[in-house]
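Undergrad: Sharing a structure, written as structure tokens. Questions coming.
Numbering (my numbering), first residue to last: 52 to 157.
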């Protein structure tokens with residue numbers, strides 16, 4: 052794969068990940084919808100290779116939720132960068148413990 056996968060997604064960015072979810076109704080029909088997961092990128096692993104992943108952290112009702120997204124996942128429709136912060140680390144896991152800072156950044 053010659054092209055880079057989402058080069059603008061870096062640690063410290065607040066992103067919206069648009070992922071397609073397929074639900075099954077009571078009648079047994081499949082219904083597709085787009086689910087948006089917005090949060091802070093804590094780390095990016097494996098660079099621009101096909102197995103590259105990002106870890107996204109968000110606060111949901113006072114509870115921290117982390118999701119790991121493979122960037123080559125076919126259900127990911129779009130990754131939108133809301134804000135990019137200047138960080139000096141490759142992995143910003145320490146920011147998930149500062150709840151106040153995450154709210155201020157948004």
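Heads up, the beta-carbon is just placed ideally off N, CA and C, and yes, glycines get one too.
(1) According to the neighbour-count rule (16 or more other Cβ atoms, all chains shown, within 10 Å of its Cβ), is residue 120 buried or exposed?
(2) Where residue 86 and residue 122 are concerned, what is the direct C-alpha to C-alpha distance, given to the nearest angstrom?
(3) Of all the beta strand (DSSP E) runs that stay within the bounds of the segment 58-98, which reach a length of 3 or more residues?
(4) Just to confirm, are residue 109 and residue 71 a CB contact at a threshold of 8 Å?
(5) Could you give the distance in angstroms between the alpha-carbon of residue 77 and the alpha-carbon of residue 56?
(6) Between residue 138 and residue 63, how many whole angstroms is the CB-CB distance? I'm expecting something under 8 Å.
(7) Residue 73 to residue 125, Cα distance in whole Å?
(8) Is residue 105 closer than 8 Å to residue 116 when the C-beta atoms are compared?
(9) On the three-state DSSP scale, how would you describe residue 115?
(10) So, helix, strand or coil for residue 147, using DSSP?
TA: According to the structure shown:
(1) buried
(2) 16 Å
(3) 64-75 and 81-96
(4) no
(5) 37 Å
(6) 4 Å
(7) 13 Å
(8) no
(9) strand
(10) helix
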